[in-house]
Structures are given as structure tokens and as C-alpha cells.
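Residue numbers (this note's numbering): 313 to 687.
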Amino acid sequence: MKIITRIKHFFRNLLFGIFASIFTSLLILVAINLFLEKIYLRNNLPQHDWTVLFTTYDPRYVFWQNCLDEFCPEKFGQNYPLDKIGIYTNKFNSEKNKEANSCLKILFLGDSFSSSPFSDHSYSYYFADSLAKNSSFCVETISIASGGAGNSQELARLEDVIEQAKPNAVIWQFYWNDFFDNIRFSLFEINNEELIRKKAWDSSAFWSGYINQKIHLLEDSTLGKFISTKMFYNDLFHSQPADDRDFAKVIEYNQKFIPLAIKRVEKLGEKNNFKLFTTLSPMECQFNTNSTCEKWAINFQDQLRKILSENNNYLSMEKEFIINDQEKTIEESQNKEILFAENDKLTTKGIRHLSDDGEKYFGGILLQNFLNKIS
313 MKIITRIKHF FRNLLFGIFA SIFTSLLILV AINLFLEKIY LRNNLPQHDW TVLFTTYDPR
373 YVFWQNCLDE FCPEKFGQNY PLDKIGIYTN KFNSEKNKEA NSCLKILFLG DSFSSSPFSD
433 HSYSYYFADS LAKNSSFCVE TISIASGGAG NSQELARLED VIEQAKPNAV IWQFYWNDFF
493 DNIRFSLFEI NNEELIRKKA WDSSAFWSGY INQKIHLLED STLGKFISTK MFYNDLFHSQ
553 PADDRDFAKV IEYNQKFIPL AIKRVEKLGE KNNFKLFTTL SPMECQFNTN STCEKWAINF
613 QDQLRKILSE NNNYLSMEKE FIINDQEKTI EESQNKEILF AENDKLTTKG IRHLSDDGEK
673 YFGGILLQNF LNKIS
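Listed below in C-alpha cells is the structure:
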């Protein structure tokens with residue numbers, strides 16, 4: 313009986329100890345949460361920096377989209393993939409090819425200029441629709457573009473879906489901010505002129521999103537948001553190829569990364585039987601007189617165009633190939649055959665992104681250069 317009594321006392325004390333530990337831990341968490349909410353964060357962090365809500369595309373990737381930014385699907389009602397990689401397909405037929413047994417499959421990847429969150433259709437839609445109407449074959453488009461992800465993420469996604477997608481051609485869209493955007497989402501390091509892919513969990517930004525989205529006890533708490541924010545904005549595991557506050561190092565990395573990424577996809581194309589094409593989304597000051605572009609941004613666009621043009625797979629989507637300064641761009645463009653009586657209709661109210669008219673117009677330029685290239 314004494315043994316049984318001792319066992320009962322042992323388990324009673326054990327359960328009490330566990331309960332006391334849990335209760336004490338919860339009190340500490342509540343106290344920390346209140347301290348952060350009422351005192352520390354109010355004095356040390358801007359409101360928007362610690363109230364971020366994160367969504368994820370796929371646990372293989374670092375990218376956790378800030379749902380308070382301009383591409384938030386809840387804000388704009390877009391059908392964005394929130395828990396897995398998005399592969400969107402469209403098929404285009406005409407009377408000429410409605411009986412066609414096979415389609416030309418074109419995969420589009422890029423940033424928000426390809427996912428087009430502010431218009432009903434992207435340039436890829438108008439590109440493919442016009443191509444199908446004037447061809448004896450049907451056209452199928454595949455899009456894995458996503459706003460804000462960055463070229464490193466796009467390259468990783470392409471590698472992962474290429475065998476499933478089986479495209480005949482890939483069109484990769486760039487923009488001048490690719491030189492310094494999204495370094496914290498990088499999945500590749502450069503070693504002896506080769507790109508080495510890293511694991512997503514090497515990045516603290518990945519764990520920031522994981523904690524925020526998967527640990528429900530923390531996701532809505534100030535403490536959880538604080539932890540996520542610290543992990544997101546600070547490279548705690550030193551996995552980034554450059555400090556995102558050091559613009560010179562970030563630009564230097566991307567100047568090396570982009571040509572190597574293009575070569576990597578070209579090799580992928582040789583293995584998987586597709587042809588790579590690159591394009592450059594136009595700057596708004598090229599065609600919208602209400603827009604201005606900084607000289608340094610124009611210089612980045614020029615540098616990026618030069619890198620892309622060194623390969624014979626570059627397709628221009630711009631009206632002008634060279635931009636020297638904003639004034640000259642506008643002055644020259646107004647003499648071109650473009651609907652400049654309606655030029656402001658080519659962009660959205662925010663100017664930077666294209667409207668449906670703009671998507672259709674620049675998709676037409678891209679298509680013409682595509683046909684010229686393959687003819």
C-alpha cells in the first residue's frame with residue numbers, strides 16, 4: 313500500500329508541476345506580450361513593421377508575402393495561391409486551329425508586371441490570344457509569375473515545375489528593380505561562376521513565415537508578430553548573399569546573379585526541350601507623361617537591358633530600346649505610332665503597373681518581336 317501511495321503522490325506532484333509550469337509560462341508570455349504591445353513596440357517600431365500578416369506559396373521557398381502591401385490578395389480580391397505554388401494555365405483557340413491536336417505551350421515567369429494584379433489580363437494573355445488567332449496551332453500559356461518574389465524565387469520555382477509544365481518556350485520578364493529587390497528571399501549563392509541552390513530553411517525569413525502561419529498560438533499575438541518581424545527583417549542565420557541595407561553589395565550580387573541565372577535556364581532548356589526568351593517590362597516614364605523616372609532607375613534599366621541583349625533570346629517589350637533621360641523619352645515617344653492621345657490609359661492609377669490597355673499594347677510589341685525572332 314505504501315508503494316501505491318507513493319506512486320499516487322509522485323504522479324500528483326508531477327501533474328501539479330506540469331500544470332504550474334504551463335501556467336507560469338503562459339503568465340510570462342502574456343506579460344511579455346503586454347510589455348511589447350503597450351510599451352516597447354509603441355516606442356521602438358513603426359506600426360506597420362510589427363503588424364504584418366504573412367501568407368506562403370510553398371514550404372520549399374522562402375517567400376512569405378506581406379499581406380499589407382499592394383499585392384495582398386485579400387485587398388484586391390485576386391485569386392493568388394496562398395498555400396502552394398500557383399500554376400495558372402490558359403488555352404487559346406481560333407477557327408483556324410480549333411481541331412488542333414497539340415498546342416504551343418509557353419511558360420511565363422516574372423514579377424508583378426507578369427502576374428498583373430491591377431488588370432483583368434496580363435500581357436501574356438493578349439500575346440497568346442493574338443498568336444492563336446493568326447496561327448494554325450492552338451496556344452497554351454502557363455504562368456508561375458508572382459509579384460514581389462524576386463528572380464531567385466522564380467528560378468527555383470521554374471526548376472521545380474518544369475517537368476510538370478513541359479513548355480515549348482519560356483518567357484522570363486525582368487524590370488530594373490531586379491538589381492536590388494528581394495535579397496532576403498535569395499535561394500542561390502554564387503560559387504566559382506556557378507549558382508548553388510540552398511534550402512529554404514537556411515533563411516530566418518522562412519521561419520518567420522512558418523511561425524506566423526503555423527503556430528496559431530502566436531500568429532495573432534503581439535509576441536508572435538514581434539518574433540516573425542525580427543526573423544524576417546534580420547538575417548539571423550546569415551544566409552543572405554548580401555546585407556539588404558548595403559545597396560552596393562546587393563547590386564553587385566544581382567549583376568552577377570542575373571547572367572548566371574539565364575545560363576542556368578538555358579541549360580535547363582537543353583535538357584527539357586524548351587527555348588528561353590527574356591524580356592524587359594517598360595518603364596512608365598517611357599509612355600506616360602504624368603510619370604517621372606529617376607536617373608538612377610533609368611541607368612539600372614539600361615544596364616539590365618544590356619545584360620539581356622547580350623543573348624540572342626532577348627525580346628523587347630519597350631517602344632524605345634535606349635533611354636537617355638526622361639525628357640528625351642517623352643519627347644521622342646510622342647512622335648511614335650502609339651495611342652498617346654490616350655497614353656495615360658496604358659497604366660493604372662498608381663502609374664507603375666499597366667492597365668488592360670497597356671497589357672494589350674505591350675503584349676502586342678512582345679508578340680511582334682517574338683515572331684520576328686522565330687521566323
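Glycine residues also receive a C-beta, built at the ideal position from the N, C-alpha and C atoms.
Bear in mind that the values here come from a model prediction, so they are computed numbers and not experimental data.
Anticipated Cβ contact below 8 Å, residue i with residue j, distance rounded
i      : j      : result
Ala573 : Asn463 : 6 Å
Pro479 : Ile454 : 6 Å
Arg509 : Phe518 : Not confirmed; about 14 Å, so no contact.
Leu408 : Ser458 : With the sequence shown as reference, residue 408 is identified as Lys, and Leu is not the correct amino acid for it. Their Cβ separation, rounded to whole angstroms, is 33 Å, which puts Lys408 and Ser458 out of contact at 8 Å.
Phe486 : Leu620 : 7 Å
Boundaries (first-last residue) of the beta strand (DSSP E) holding residue i
i      : result
Lys478 : First-last for Lys478: undefined, no H or E at that position.
Thr541 : No beta strand (DSSP E) contains Thr541, which is instead part of the alpha helix (DSSP H) from Thr534 to Tyr545.
Ser436 : Where Ser436 is concerned, there is no enclosing beta strand (DSSP E), although the alpha helix (DSSP H) it sits in stretches over Tyr435 to Lys445.
Glu452 : Cys450 to Ser455
Glu501 : Phe500 to Asn503
Leu416 : Cys415 to Leu421
Same chain, Cβ closer than 6 Å to residue i, neighbours up to 5 away in sequence not counted
i      : result
Ala609 : Trp488
Gln613 : Trp488 and Met595
Arg617 : Leu592
Ala477 : Leu419 and Ile454
Ser427 : Ala457, Ser458 and Gly459
Glu466 : Leu421
Gly675 : Tyr435, Tyr438 and Phe439
Alpha-carbon spacing of residue i relative to residue j, whole angstroms
i      : j      : result
Met435 : Asn402 : In the sequence on display, residue 435 carries Tyr and not Met. If I take the Cα positions, the gap works out to 13 Å.
Thr534 : Glu630 : 46 Å
Leu588 : Glu471 : 13 Å
Asn585 : Glu475 : 10 Å
Ala461 : Ile502 : 19 Å
Ala332 : Ala343 : 16 Å
Ser551 : Leu416 : 39 Å
Phe544 : Arg557 : 14 Å
Thr336 : Asn546 : 30 Å
Ser667 : Glu452 : 23 Å
Asn625 : Lys685 : 8 Å
Ala481 : Asn623 : 16 Å
Val473 : Arg576 : 15 Å
Ser603 : Lys583 : 43 Å
Pro553 : Ser498 : 7 Å
Phe301 : Phe430 : Not covered by the structure: residue 301. The range shown for the chain is 313 to 687.
Ala512 : Gln615 : 30 Å
Ser687 : Ser406 : 21 Å
Ile334 : Phe538 : 22 Å
Leu507 : Pro571 : 11 Å
Ala468 : Leu327 : 48 Å
Asp490 : Phe569 : 10 Å
Asp555 : Tyr522 : 22 Å
Lys607 : Phe425 : 21 Å
Asn413 : Asn611 : 46 Å
Continuous alpha helix (DSSP H) stretch holding residue i: start and end
i      : result
Arg557 : Per DSSP, Arg557 belongs to no alpha helix (DSSP H) and is neither H nor E.
Tyr626 : No alpha helix (DSSP H) contains Tyr626, which is instead part of the beta strand (DSSP E) from Tyr626 to Ser628.
Leu588 : That residue, Leu588, is in no alpha helix (DSSP H); its beta strand (DSSP E) goes Lys587 to Leu592.
Phe425 : Ser424 to Ser427
Arg509 : Careful: Arg509 lies outside any alpha helix (DSSP H), inside the beta strand (DSSP E) at Glu506 to Arg509.
Asn681 : Asp668 to Ile686
Ile495 : Run containing Ile495: none; DSSP gives neither H nor E here.
Leu548 : No alpha helix (DSSP H) contains Leu548, which DSSP labels as neither H nor E.
Ile619 : Lys607 to Ser621
Same chain only: Cβ atoms within 8 Å of residue i, ignoring 5 sequence neighbours per side
i      : result
Ile527 : Gly536
Phe549 : Asp514, Ser515 and Ser516
Leu627 : Ile483, Phe589, Thr590, Thr591, Leu678, Asn681, Phe682 and Lys685
Same chain only: Cβ atoms within 7 Å of residue i, ignoring 5 sequence neighbours per side
i      : result
Gly670 : Leu658 and Thr659
Phe492 : Phe559, Val562, Ile563 and Asn566
Glu578 : Leu588
Phe404 : Ala440, Asp441, Ala444, Cys450 and Val451
Arg664 : Glu596
Exposed unless 16 or more other CB atoms sit within 10 angstroms - verdict on residue i
i      : result
Lys672 : buried
Asp706 : Not covered by the structure: residue 706. The range shown for the chain is 313 to 687.
Ser442 : buried
Gly329 : exposed
Gln567 : exposed
Ile495 : buried
Ile340 : exposed
Thr590 : buried
Leu679 : buried
Asp423 : buried
Ile315 : exposed
Arg324 : exposed
Phe383 : At Phe383, the pLDDT of 41 sits below 50, so the modelled position is not reliable; the number obtained from the coordinates is stated separately. Buried is the call here.
Interface flag, residue i vs chain C, CB-CB below 8 Å
i      : result
Asn402 : Annotation note: the requested chain C is absent from the structure, which comprises a single protein chain.
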